[in-house]
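One structure is given here, and the rest of the page talks about it.
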Amino acid sequence: MFITNSGFRTTLKRVLSHSEKPIFSVLYQPRNPPYKYSQHCNYVDVYMKWKKDHYYDNIDHIHKSKILKPVVSLKNCIAEDPNGCIPISVVSKRGVELEVPMKVARFLRRYPSIFEEFTGPQYNLPWFKLTPEAAEVDREEKRVYEECRKDLRERLKRLILMSTGKVLPLKIIQGMQWYLGLPDDFLRNPEKNLDETFRFVDMEDGLKGLAVDNGEKVLSSVQSFAMKQGVYTGDSMEPIEFRLFPSKGLRLKVKIKGWLNEFQKLPYVSPYEDISNLAPDSDIAEKRLVGLLHELLSLFVEHSAERRKILCLKKHMGLPQKMHKAFERHPYMFYLSLKNNTCTAILKEAYCDPSAIERHPILKIRKRYINLMQKSDSILKKRRLSSRLDDGPKMDLDLDSTDEETDLDLDCLPPFLISCYTGKS
Numbered sequence: 001m002f003i004t005n006s007g008f009r010t011t012l013k014r015v016l017s018h019s020e021k022p023i024f025s026v027l028y029q030p031r032n033p034p035y036k037y038s039q040h041c042n043y044v045d046v047y048m049k050w051k052k053d054h055y056y057d058n059i060d061h062i063h064k065s066k067i068l069k070p071v072v073s074l075k076n077c078i079a080e081d082p083n084g085c086i087p088i089s090v091v092s093k094r095g096v097e098l099e100v101p102m103k104v105a106r107f108l109r110r111y112p113s114i115f116e117e118f119t120g121p122q123y124n125l126p127w128f129k130l131t132p133e134a135a136e137v138d139r140e141e142k143r144v145y146e147e148c149r150k151d152l153r154e155r156l157k158r159l160i161l162m163s164t165g166k167v168l169p170l171k172i173i174q175g176m177q178w179y180l181g182l183p184d185d186f187l188r189n190p191e192k193n194l195d196e197t198f199r200f201v202d203m204e205d206g207l208k209g210l211a212v213d214n215g216e217k218v219l220s221s222v223q224s225f226a227m228k229q230g231v232y233t234g235d236s237m238e239p240i241e242f243r244l245f246p247s248k249g250l251r252l253k254v255k256i257k258g259w260l261n262e263f264q265k266l267p268y269v270s271p272y273e274d275i276s277n278l279a280p281d282s283d284i285a286e287k288r289l290v291g292l293l294h295e296l297l298s299l300f301v302e303h304s305a306e307r308r309k310i311l312c313l314k315k316h317m318g319l320p321q322k323m324h325k326a327f328e329r330h331p332y333m334f335y336l337s338l339k340n341n342t343c344t345a346i347l348k349e350a351y352c353d354p355s356a357i358e359r360h361p362i363l364k365i366r367k368r369y370i371n372l373m374q375k376s377d378s379i380l381k382k383r384r385l386s387s388r389l390d391d392g393p394k395m396d397l398d399l400d401s402t403d404e405e406t407d408l409d410l411d412c413l414p415p416f417l418i419s420c421y422t423g424k425s
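For the sequence shown, position 172 (counting from the first letter as 1) is numbered 172 according to the numbering used here, and the numbering increases by one without interruption.
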């Protein structure tokens with residue numbers, strides 16, 4: 001009966017909360033247990049106004065990556081041929097496979113600084129080979145792949161370790177190869193490119209997968225940078241604040257600022273840790289989601305990716321159904337570019353403080369290819385200008401005039417025009 005007495009319950013709580021060694025240890029609970037955060041939800045479902053930022057919309061190696069991918073694929077088809085050249089018939093039917101947005105021959109002719117066209121030995125078919133500049137970049141690219149194979153393998157390993165079962169289907173990995181900077185034949189040569197921690201497995205629905213066995217603790221880029229700054233000791237559930245980079249003119253509402261301040265104080269849950277004990281609609285689950293997206297983009301070459309591509313990882317990484325809204329709720333960390341009719345998620349930290357995130361070794365190679373693409377635009381522009389100059393103004397020939405009435409040089413005309421002009425056959 002005394003348990004139902006509200007006054008007694010209040011007195012008991014006051015005694016237990018102020019005693020250093022509680023009388024009833026069974027009733028004692030720590031002030032900030034982990035599950036307190038996992039069941040706490042303040043302001044997750046929030047609408048953020050999108051603000052255009054010209055700086056991120058004008059990063060060439062991000063927004064030309066979509067066109068660069070088929071360029072590199074066609075370059076690889078030519079470079080892999082023993083003769084170093086191919087007829088158009090070899091790739092003309094592979095446009096969908098290589099993600100070429102138009103007819104393959106037309107696409108190849110758009111980049112004369114990369115692909116050189118010539119007439120083949122038979123049937124007058126167009127053949128293509130690499131220009132000396134493109135061949136040089138291709139050799140440099142292969143050298144970088146050889147020197148950085150360990151780094152590329154580590155990036156693939158981290159991608160798999162972020163999944164719920166430490167395993168991903170091969171088709172998902174193949175869809176991420178371009179973003180991870182892996183060469184096309186990376187998975188086709190497992191003995192050369194993978195180590196003993198990788199193993200191929202059979203997954204549900206008859207899919208083949210790649211799993212990773214790793215007993216070592218893996219630190220995310222957020223944890224590594226915080227440790228360098230001396231604000232993180234390596235303990236689990238330790239609070240780490242995300243670095244924020246507001247765009248010019250982007251202002252948050254007061255209530256959103258308050259939620260963000262409390263959100264920053266929550267424990268940081270590494271994307272490589274188990275999340276089975278987290279409530280999916282809690283603030284701490286939101287912080288784990290943001291940390292995973294941050295880590296994912298930090299692994300990619302351009303530190304960006306099409307948002308729809310990232311959504312393909314939702315099922316395998318235990319992400320919520322509306323995970324795409326995390327980009328909108330955190331505009332100080334991510335920027336969504338709508339350029340080229342594509343929604344591209346960009347990690348701001350990689351471009352506001354490059355020292356915080358490790359630069360991908362293949363990025364400089366892609367920038368060189370993009371420079372060649374831009375050089376192609378200049379070549380085509382000069383060709384069009386030269387063509388207009390060669391055509392020149394049309395001559396107005398009066399066929400009724402005589403030789404004495406004109407000072408036209410007949411020797412400059414072809415024979416059939418001379419006969420029409422003079423009336424002589």
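Glycine included, C-beta positions come from ideal geometry on N, C-alpha and C.
Under three-state DSSP, which class holds residue i?
i: R199; result: strand
i: I86; result: strand
i: G291; result: helix
i: L266; result: coil
i: S282; result: coil
i: Y123; result: coil
i: E358; result: coil
i: P246; result: coil
i: C77; result: helix
i: V71; result: helix
i: S221; result: helix
i: F186; result: coil
Going by C-alpha distance, which of the options is nearest residue i?
i: K315; options: R188, T164 and L338; result: T164
i: S247; options: Q177, F334, R359 and E295; result: F334
i: K309; options: I346, K287 and D274; result: I346
i: F198; options: P239, S221 and R155; result: R155
i: K265; options: N193, V231 and D205; result: V231
i: V100; options: E116, T119, L68 and P87; result: L68
i: N277; options: V72, T233, G318 and S65; result: G318
i: V72; options: D202, Q177 and I173; result: Q177
i: K364; options: G175, I173 and E141; result: E141
i: A350; options: H303, C85 and V201; result: H303
i: I284; options: R251, L299 and M237; result: M237
Between the C-alpha atoms of residue i and residue j, what's the straight-line distance to the nearest angstrom?
i: L297; j: A305; result: 7 Å
i: I240; j: D274; result: 18 Å
i: S387; j: S378; result: 14 Å
i: N83; j: A326; result: 50 Å
i: Y55; j: Q122; result: 50 Å
i: A79; j: Q321; result: 42 Å
i: D235; j: C77; result: 49 Å
i: E204; j: V301; result: 31 Å
i: D60; j: I370; result: 8 Å
i: F186; j: N193; result: 6 Å
i: D398; j: K381; result: Note that D398 scores a pLDDT of 43, beneath 50, so its modelled location is shaky and nothing firm can be said.
i: D53; j: T119; result: 47 Å
i: S224; j: S355; result: 12 Å
i: P169; j: L207; result: 6 Å
Who does residue i pair with in a DSSP beta bridge?
i: S304; result: I346
i: G234; result: G234 pairs with nothing; no bridge assigned.
Checklist entry - Are the segment 147-154 and the segment 109-123 touching by the rule of at least three beta carbon pairs closer than 8 Å? => result Taking a cut-off of 8 Å on C-beta distances, the segment 147-154 does not touch the segment 109-123, as fewer than three cross pairs fall below it.
Checklist entry - Can you find at least 3 beta carbon pairs, one from the segment 337-354 and one from the segment 115-127, that sit closer than 8 Å? => result With fewer than three CB-CB distances shorter than 8 Å, the segment 337-354 does not count as touching the segment 115-127.
Checklist entry - Is the segment 348-366 touching the segment 90-104 in the sense that three or more CB pairs, one from each, lie closer than 8 Å? => result Output reads no: the segment 348-366 does not touch the segment 90-104.
Next on the checklist: Count Cβ pairs between the segment 214-230 and the segment 265-272 that sit closer than 8 Å; are there 3 or more?
Outcome noted: Taking 8 Å as the limit for Cβ pairs, the verdict is that the segment 265-272 does touch the segment 214-230.
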